[in-house]
Amino acid sequence: MFVIQTRRKGNRNILTGKECEMQETDSYLGILRERGRRGLPLERVYRHLFNRGLYLKAYGRLYRNHGAMTRGITNEVADGMSLEKIDAIIDDLRHERYRWKPARRVWVPKKNGKQRPLGVTTWSDKLVAEAVRLILDAYFDGQFSEHSHGFREGRGCADALRDIYHNWKGCAWIIEGDISDCFGSLSHDLLISVLSEKIHDGRFIRLIKHLLDAGYLEDWKFNRTLSGVPQGSVVSPILSNILLDKLDQYVETVLIPRYTRGEKRRENPVYKQRMHQAEYCFKRGLTKEGQHLRKAAQHLPSKDSQDPSYRRLHYCRYADDFALGFIGPKAEAEEIKRQLTIFLREELKLSLSEEKTLITHARSQAAKFLGYEVTVLQNDTKRTRVKRSNTQRRYDQRSINAGIGLRIPRTVLLDKCARYMKRGKPIHRSELENESDFTIISTYQQEYRGLVDYYRLAYNLHTLDQVKRVMQESLAKTLALKYKTSGREMYKKFQTEIAVAGKRFKVFQVVIAREGKKPLVATWGGITLTWDIRATIEDRPQRKWISRSELEKRLLAQV
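Going by the working numbering, the residue at position 304 of the sequence shown is 1516; the numbering climbs one at a time, nothing skipped.
This is the structure we're talking about:
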């Protein structure tokens, strides 16, 4: 038994050796974060894979995922896990007998109608891979760029889009980066070389090398993997981020300094002249003439967009999607694209798609990034009343111009509506006909809420109301199909009115009473379409770091 002192004076807790292993794991991961933050190399990492606590933490995280019950090439699943199996894995690792099994390849549909390969691994491989991921993530995450937002704890799509919204003001050109088959093309040798720069442990490096070389089974035929990270493995995202961090470093240490100069843009001489003339008229009491001159000036750019002494380059990456915002001539934007192409080809053995890597004029067109359209706004009529610091006179300042606009693409609205329509009209969903009213309404609500939550940062969020109208008609027809009646009758049966954030909404609602418990309520509608740049996008399941989950307790108790 081990005795530890709690934070409360005089209060003592008794912990078993197994529980202390969990605390040792948390302490070790904390040490890794500190070493990563300080840029210190790692040594003797492999031996920490002999700690049960690491697998208990990995088990707690994996079990909550839907893939925990998906079989690989064996019948092994999460429910069959025990401390004895963990000990057997540790023993194999201790003697370097552990061998990764080939993944079972399946094909899953993509949004564009095509399919992508996904590897389903055995449960033991999932567990060991998650333990490896915990170590790599703790050490490397603090070293990653502030402009990298994909596959990182506490970051997501919303952070990447907010980075662009707040920092890319006035960009003339947006370079949309598209790496051809990024995850399937990553060089194994290069990845191992990059890992070896900071991890000085041959056994740990060999374990990852064997993972990369494990291959996959398709139609029970073995295929070797000569490049790429295992798609579907929990460790693949961190491995790809480790290699693509080289791209981040190149952009931030080479390209951005090279294409950044000047404190601020010089003023547009024509604009400056008009404003001085207006000020002169105001001082002479010629108010109408002054207002006319100032109004004319406010249709001109206040700064010189062709200033040769001013350049800015901005960068943002989410996984294998990246974008650069540039203030300068198009010829230099094309040169930046060319330098990126050369770097990716020669240093990372990756290729930039010429067809999909576009240079977009940010004011007249819209670039695409993470499902949003990104554009630079221009509206001379939208103004804000401000006061000059050196005078008491107030004047109207253009408040939108050069700001970044994030919006929902028109194609998204059409595609979402099309799912619930046929021949231009909303239709029922026959696959839901035999479900309960609660399930039908909940299904529609979850689909609509997910769409609204993802596009909460778009200034045209209100356009999703047309999707809502189509979905609501489809919902009414689906319920009508179930009850063999009309959609109008379903409105009478299920529609009610509720208050949300001080507003009244007409909604569909089902309430299931439960004795001694709160009733279950399924609601369709009642979701506000209010733009919020601070919103959090649920682009992946939220995980909570808990010191001890019920799953971990169950394993510790050998239940």
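The C-beta atom is built at its ideal place from N, Cα and C for all residues, glycine as well. Note that this is a predicted model, so its numbers are computed, not measured.
In this structure the region 1375 to 1395 does not lie against the region 1314 to 1322, because fewer than three pairs of beta carbons, one per stretch, are closer than 8 angstroms. Take the alpha-carbon of Leu1266 and the one of Pro1541: they are about 52 angstroms apart. Look at Val1664 here: in three-state DSSP terms it is helix. DSSP, read as helix, strand or coil, puts Glu1409 in helix.
In the DSSP secondary-structure assignment, Cys1369 is not bridged to any residue. Counted as a single uninterrupted DSSP element, the beta strand (DSSP E) harbouring Tyr1584 occupies residues Tyr1584 to Val1588.
Selection Gly1242, Tyr1240 and Leu1346 evaluated against Tyr1271 yields Leu1346 as nearest (Cα-Cα). Between the region 1517 to 1526 and the region 1495 to 1502, the count of C-beta pairs closer than 8 angstroms stays below three; the two stretches do not touch.
In this structure, Ile1298 sits near Arg1264, with a CB-CB distance shorter than 8 angstroms. Counting C-beta pairs with one atom in each stretch, the region 1729 to 1748 and the region 1657 to 1669 have three or more that are closer than 8 angstroms, which means they touch. Annotated three-state conformation of Lys1381 is coil, per DSSP.
When the beta-carbon positions are compared, Leu1467 and Gln1489 stay at least 8 angstroms from each other. For Val1406 and Ser1563, the gap between their C-alpha atoms comes out near 19 angstroms. For Glu1430, the enclosing beta strand (DSSP E) stretches over residues Tyr1428 to Glu1430. Gly1502: member of the alpha helix (DSSP H) spanning Thr1499 to Ala1509, first to last residue.
Our two residues, Phe1581 and Thr1472, have alpha carbons roughly 23 angstroms apart in a direct line.
The beta-carbon distance between Val1722 and Phe1706, rounded to whole angstroms, is 7 angstroms. This is short enough to meet the 8 angstroms contact definition. The Cβ atoms of Thr1572 and Ile1386 lie closer than 8 angstroms to each other. Per DSSP, reduced to three states, the secondary structure at Thr1334 is coil, with no helix or strand assignment. When DSSP states are grouped into helix, strand and coil, Ala1578 belongs to the coil group.
Cα atoms of Arg1374 and Gly1728: separation of roughly 45 angstroms, rounded to the nearest angstrom.
Taking the CA atoms as reference points, Ser1648 sits about 37 angstroms from Ala1315. By the criterion of at least three beta-carbon pairs nearer than 8 angstroms, the region 1550 to 1562 is not in contact with the region 1350 to 1361.
Between the C-alpha atoms of Leu1424 and Tyr1310 there is a straight-line separation of about 14 angstroms. For Pro1321, the uninterrupted beta strand (DSSP E) segment begins and ends at Ala1315 to Pro1321. The beta carbons of Ile1301 and Val1340 sit closer together than 8 angstroms. The beta carbon of Pro1329 sits closer than 7 angstroms to those of Arg1317, Trp1319 and Gln1443, all from its chain and outside the five residues before and after it, given in chain order.
Distances from the alpha-carbon of Tyr1492 to those of Ala1579, Tyr1660 and Gly1502 put Gly1502 closest. For the set Lys1507, Phe1363, Leu1254 and Gly1354, the Cα lying nearest the Cα of Leu1451 is the one of Phe1363. In the same chain as Val1344, and ignoring 5 residues on each side of it, the C-beta atoms closer than 6 angstroms to its own belong to Val1447, in chain order.
With fewer than 16 other Cβ atoms inside 10 Å of its own Cβ, Asp1303 counts as exposed. Under the three-state reduction of DSSP output, His1573 falls in the strand class. In this structure, Gly1699 lies near Ala1688, with their beta-carbon atoms less than 8 angstroms apart. For Thr1748, there is no enclosing beta strand (DSSP E), as DSSP marks it with neither H nor E. Sequence-distant Cβ neighbours of Glu1645 in its own chain, meaning closer than 8 angstroms and more than five residues away, are Thr1690, Leu1693 and Lys1694.
In the three-state reduction of the DSSP assignment, Gln1518 falls in the coil class, being assigned neither a helical nor a strand state.
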